[in-house]
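Sequential numbering of the sequence shown, starting at -18, is according to this note's numbering. No residue lacks a Cβ here, since even glycine has one placed at the ideal position from N, Cα and C.
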Amino acid sequence: MQTGYVLGIGAANVDVHGMSRAAIVMRDSNPGHLSTSAGGVTRNVMENLARMGERARMVSVLGDDLFGELVRRESEAAGLDMSECLVLPGVHSSAYVSILDERADMLVAMSDMSVLEHLTPEVVDSKRDLILGAAAVVCDPCLPAETLERILDTAGDVPVFLDPVSTAYAHRAAPLAGRFYGLKPNSLELAILAGMDADTDEGIERAAAALIGRGAKCVAVSLGERGCYYADAAGRRFYRALRPVAEMRNATGAGDAFLAGLVHGFVRGYEPERAVDCALAAGHAAVESDYTISREMSAEKLREIIDNYSL
């Protein structure tokens, strides 16, 4: 069954990842493996959705440079429609650099998303019909706050999903958190969005309930190997997990894949438990891959993982 398209509005950049071959020595050159690929939180979510079989369309800003060309080429090769992106001469495309330790956990990262300042409320206005025609919209708080607000104003009844990205960006999204249909924070980001502690299970449950009380329709809190805590406006509350993967190769793209799986389940009309299973399975596929986005990502791959890793 083919659903309507999902629209992504947000970051599309080049990712440069470095993984150390041994324990990292700070302030020194460390032998490792370097890779370059298309990235950006919303773009990653949308590529995952395209690989899952969804019609995925992207609105972002790219520079007229080699990085912008790489992002467009790799995205389109994966099935993501980039035709609505703005390409601006004289500006550099956004970039994200991460350093992973020998266990594939992120040690430190740095991003330059300044090009997104050109994704203004006026650009959102020009995409109004595109937004209103979507089955769902995915965005991230790398966008200017006034642009996020304009997306919500424009979307009306179209569900808008947000990945808070980091604790720093969660502060930008917090004043608007209750206006999003779906939120996918980790526990640290949840605490900022809700304005209360979320360092225990009870705290997580209270904070998620607070966001629901402010208007959010569902909150899926990623808890690493513990899986996910889910709460929604219909009163459903549950923890859910799959068995851990045997080997984690790259944790960088797990959160983006998780949100893609959740949105995939939503637009397919799945019950929340099944949608969360899709999210968890997508996260599994991501961490088992050497790439930020698994080349094996598909709806069939999700079903296979759910069958093999269900508790």
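So for residue i, helix, strand or coil by DSSP?
{"i": "valine 257", "result": "helix"}
{"i": "valine 226", "result": "coil"}
{"i": "phenylalanine 247", "result": "helix"}
{"i": "serine 41", "result": "coil"}
{"i": "methionine 87", "result": "strand"}
{"i": "leucine 204", "result": "coil"}
{"i": "methionine -18", "result": "Unreliable positioning characterises methionine -18 in this predicted model, as indicated by a pLDDT of 45, which lies under 50. The coordinate reading is nonetheless provided below. Three-state result, methionine -18: coil."}
{"i": "threonine 101", "result": "coil"}
{"i": "tyrosine 290", "result": "helix"}
{"i": "threonine 17", "result": "strand"}
{"i": "histidine 73", "result": "coil"}
{"i": "glycine 345", "result": "Past the edges of the chain, shown from -18 to 292, lies residue 345, and the structure says nothing about it."}
{"i": "phenylalanine 142", "result": "strand"}
{"i": "isoleucine 193", "result": "helix"}
{"i": "aspartate 121", "result": "coil"}
{"i": "leucine 61", "result": "coil"}
What separation, rounded to the nearest whole angstrom, lies between the Cα atoms of residue i and residue j?
{"i": "leucine 240", "j": "alanine 214", "result": "18 Å"}
{"i": "alanine 266", "j": "glutamate 277", "result": "8 Å"}
{"i": "alanine 190", "j": "leucine 124", "result": "26 Å"}
{"i": "proline 253", "j": "glycine 246", "result": "8 Å"}
{"i": "histidine 73", "j": "glycine -9", "result": "16 Å"}
{"i": "arginine 249", "j": "alanine 280", "result": "11 Å"}
{"i": "glutamate 98", "j": "serine 270", "result": "32 Å"}
{"i": "glutamate 206", "j": "glycine 236", "result": "12 Å"}
{"i": "leucine 61", "j": "alanine 37", "result": "5 Å"}
{"i": "leucine 43", "j": "serine 79", "result": "20 Å"}
{"i": "serine 1", "j": "leucine 81", "result": "6 Å"}
{"i": "valine 257", "j": "tyrosine 211", "result": "8 Å"}
{"i": "leucine 164", "j": "arginine 187", "result": "15 Å"}
{"i": "valine 226", "j": "glycine 71", "result": "44 Å"}
{"i": "methionine 87", "j": "leucine 169", "result": "16 Å"}
{"i": "alanine 115", "j": "serine 75", "result": "26 Å"}
{"i": "arginine 8", "j": "tyrosine -14", "result": "46 Å"}
{"i": "aspartate 138", "j": "arginine 160", "result": "11 Å"}
{"i": "tyrosine 251", "j": "glycine 208", "result": "19 Å"}
{"i": "glutamate 50", "j": "glycine 184", "result": "44 Å"}
{"i": "arginine 255", "j": "leucine 171", "result": "23 Å"}
{"i": "leucine 283", "j": "aspartate 134", "result": "33 Å"}
{"i": "arginine 109", "j": "leucine 100", "result": "14 Å"}
{"i": "lysine 198", "j": "serine 56", "result": "30 Å"}
How should residue i be labelled, buried or exposed, when 16 other C-beta atoms within 10 angstroms of its C-beta is the threshold for buried?
{"i": "aspartate 144", "result": "buried"}
{"i": "glycine 103", "result": "It should be noted that the sequence gives glutamate, not glycine, for residue 103. Burial call: exposed."}
{"i": "leucine 47", "result": "exposed"}
{"i": "phenylalanine 219", "result": "exposed"}
{"i": "aspartate 182", "result": "exposed"}
{"i": "asparagine 289", "result": "exposed"}
{"i": "alanine 179", "result": "buried"}
{"i": "alanine 58", "result": "exposed"}
{"i": "alanine 158", "result": "buried"}
{"i": "histidine -2", "result": "buried"}
{"i": "proline 12", "result": "exposed"}
{"i": "glycine 194", "result": "exposed"}
{"i": "methionine 177", "result": "exposed"}
{"i": "glycine 21", "result": "buried"}
{"i": "glycine 216", "result": "exposed"}
{"i": "proline 166", "result": "buried"}
{"i": "arginine 54", "result": "exposed"}
{"i": "methionine -18", "result": "With a pLDDT of 45 at methionine -18, under the threshold of 50, the modelled position of this residue cannot be trusted, and the question is left open."}
{"i": "aspartate -4", "result": "buried"}
{"i": "valine 105", "result": "buried"}
To the nearest whole angstrom, what separates the beta carbons of residue i and residue j, a pair I think is in contact under 8 Å?
{"i": "aspartate 45", "j": "valine 68", "result": "6 Å"}
{"i": "valine 52", "j": "alanine 3", "result": "Rounded, the Cβ-Cβ distance is 32 Å, inconsistent with contact."}
{"i": "isoleucine 274", "j": "asparagine 29", "result": "6 Å"}
{"i": "valine 268", "j": "arginine 230", "result": "7 Å"}
{"i": "glycine 234", "j": "asparagine 25", "result": "6 Å"}
Quick one: residues in its chain with C-beta nearer than 7 Å to the C-beta of residue i, no 5 flanking neighbours on either side, listed in chain order?
{"i": "alanine 136", "result": "Ile112, Val118"}
{"i": "arginine 224", "result": "Tyr290, Leu292"}
{"i": "leucine 174", "result": "Pro145, Ala151, Ala154, Ala155, Ala158, Leu164, Pro166, Leu192"}
{"i": "glycine 196", "result": "Gly159, Arg160"}
Tell me which same chain residues have a C-beta within less than 6 Å of the C-beta of residue i, skipping the five on either side of it?
{"i": "alanine 260", "result": "Phe239, Gly242, Leu243"}
{"i": "methionine 27", "result": "Gly(-11), Ala37, Met39, Leu61"}
{"i": "methionine 91", "result": "Val78"}
{"i": "alanine 31", "result": "Ala37, Ala59, Gly60, Leu61"}
{"i": "serine 95", "result": "none"}
Can you find the residues in the same chain that come closer than 8 Å, C-beta to C-beta, to residue i, ignoring five residues on each side of it along the sequence?
{"i": "cysteine 120", "result": "Gly(-11), Ile(-10), Gly(-9), Thr23, Leu129, Ile132, Val141, Phe142, Leu143"}
{"i": "isoleucine 293", "result": "Shown here, the chain extends from -18 to 292; a query on residue 293 therefore has no answer."}
{"i": "tyrosine 272", "result": "Ser16, Ser18, Asn231, Gly234"}
Strictly under 8 Å for the Cβ-Cβ distance: is residue i near chain D by that measure?
{"i": "valine 89", "result": "No chain D is present in this structure, which holds just one protein chain."}
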